[in-house]
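Participant: Following the numbering used here, the residues of the sequence shown are numbered contiguously, the last one being 247. Idealized CB from N, CA, C, for every residue including glycine. If you scroll down you'll find the structure; I have some questions about it.
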Amino acid sequence: MPPAATVTDRAAVAVDRATAALTRLRRARLLHPAGRSFAGEVVVWGTPGPPTGVPLLDDPGRFPATVRLSKGVPTPGAWPDVLGLAVRLHSDAGRPFDLLVSSSGAAPLLRNLPLPRRRFAGTYSTIMPFRAGRRRLFLAALADPESPDLGRSLPEVAAAARADAPRLVLAVASAVGPWRPFGQVALGDQLSAREDAALAFDPIGNLPPGLRAVGPIAWLREHTYRASQRTRGAVPQSGGSMGVTV
Numbered sequence: 002m003p004p005a006a007t008v009t010d011r012a013a014v015a016v017d018r019a020t021a022a023l024t025r026l027r028r029a030r031l032l033h034p035a036g037r038s039f040a041g042e043v044v045v046w047g048t049p050g051p052p053t054g055v056p057l058l059d060d061p062g063r064f065p066a067t068v069r070l071s072k073g074v075p076t077p078g079a080w081p082d083v084l085g086l087a088v089r090l091h092s093d094a095g096r097p098f099d100l101l102v103s104s105s106g107a108a109p110l111l112r113n114l115p116l117p118r119r120r121f122a123g124t125y126s127t128i129m130p131f132r133a134g135r136r137r138l139f140l141a142a143l144a145d146p147e148s149p150d151l152g153r154s155l156p157e158v159a160a161a162a163r164a165d166a167p168r169l170v171l172a173v174a175s176a177v178g179p180w181r182p183f184g185q186v187a188l189g190d191q192l193s194a195r196e197d198a199a200l201a202f203d204p205i206g207n208l209p210p211g212l213r214a215v216g217p218i219a220w221l222r223e224h225t226y227r228a229s230q231r232t233r234g235a236v237p238q239s240g241g242s243m244g245v246t247v
């Protein structure tokens with residue numbers, strides 16, 4: 002490997018090496034190792050009010066999806082944790098759209114902070130902002146009051162998916178504006194443990210046209226996710242079901 006020439010290069014090498022070492026020590030994903038994955042479906046209603054300029058968010062559509070709910074540390078059972086939701090939307094455009102969100106607050110000052118909680122139904126935010134043209138956007142998954150409850154533990158999430166089709170509402174907002182619901186994601190059949198282990202999401206590279214990740218969290222995510230995936234032998238396009246089951 003050639004010597005790093007800049008501070009950014011040296012920081013990237015340090016993050017990559019630390020991530021690889023921790024991934025080897027854990028023998029699993031570095032981030033959110035405990036989770037359950039499901040086949041699913043995303044329905045986009047379209048963005049209410051001014052369009053975002055991202056066709057995948059603004060235009061109505063229906064897409065097969067792969068959905069993973071997870072615990073970040075992970076803490077035992079139903080103990081509080083930073084919960085995670087990953088949605089891979091399979092579109093006809095070729096590259097999928099990977100949306101990764103973490104449990105957070107709904108208010109503007111809290112939507113960029115990961116917050117531990119017990120229940121899997123609640124507000125999940127991208128934490129990091131995106132750019133759509135000149136707009137700065139956050140994406141979120143919000144609790145659906147008409148959906149079956151997801152429970153407080155991963156086994157309860159799996160039981161809820163077997164009993165019905167739990168849903169979360171997808172929404173977009175500016176840094177200080179209210180959440181604007183543009184669609185929903187529903188859980189279907191649970192994937193096997195082997196399929197769950199093979200999943201590898203790319204929240205930086207797998208974005209729809211018109212949307213790009215920005216800021217230091219995006220930089221950190223890019224390096225930690227890719228270094229962890231490389232260490233465990235996964236690639237960002239691996240895993241996921243194209244079947245619609247809900």
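Whole angstroms is fine: what's the gap from Ala159's alpha carbon to Gln191's?
Facilitator: 7 Å
Participant: Thr7: buried (16+ other C-beta within 10 angstroms of its C-beta) or exposed?
Facilitator: exposed
Participant: Shorter than 7 Å, the distance from the beta carbon of Pro210 to the closest heavy atom of the ligand HEM, or not?
Facilitator: Looking for the ligand HEM in the displayed structure turns up nothing, as the structure carries no ligands at all.
Participant: Use the C-beta contact count for Trp80: other C-beta atoms within 10 angstroms, 16 or more gives buried, fewer gives exposed.
Facilitator: exposed
Participant: Give the DSSP-derived three-state secondary structure of Arg195 in the structure shown.
Facilitator: helix
Participant: Please return the same chain residues whose Cβ sits closer than 6 Å to the Cβ of Val88, not counting the five positions on each side in sequence.
Facilitator: Ala66, Val68, Leu100 and Val186
Participant: Taking its Cβ as the centre, do 16 or more other Cβ atoms sit within 10 Å of Val178, making it buried, or is it exposed?
Facilitator: Sequence check: residue 178 is Gly here, not Val. Result: exposed.
Participant: Does Glu42 pass the burial test, meaning 16 or more other C-beta atoms within 10 Å, or should it be called exposed?
Facilitator: buried
Participant: Quick one: residues in its chain with C-beta nearer than 7 Å to the C-beta of Val55, no 5 flanking neighbours on either side, listed in chain order?
Facilitator: Ala133, Pro209, Gly211 and Leu212
Participant: Run the CB neighbour count on Arg195, radius 10 Å, all protein chains shown included, and call it buried at 16 or more, exposed below.
Facilitator: exposed
Participant: Output the distance between the C-alpha atoms of Leu70 and Leu155, rounded to the nearest integer angstrom.
Facilitator: Roughly 8 Å separates the two Cα atoms.
Participant: Quick one: measure Cβ to Cβ for Ala172 and Ala214, integer angstroms, because I've assumed they're closer than 8 Å.
Facilitator: That belief does not hold up - the Cβ atoms of Ala172 and Ala214 are roughly 18 Å apart, past 8 Å.
Participant: So what's Leu200 in DSSP terms, helix, strand or just coil?
Facilitator: coil
Participant: Evaluate Leu110 with the Cβ neighbour count: other Cβ atoms within 10 Å of its Cβ, from every protein chain shown; 16 or more gives buried, anything less gives exposed.
Facilitator: exposed
Participant: In or out: Ala122 buried (at least 16 other Cβ within 10 Å) or exposed?
Facilitator: Around the beta carbon of Ala122, 16 or more other beta carbons lie within 10 angstroms, which makes this residue buried.
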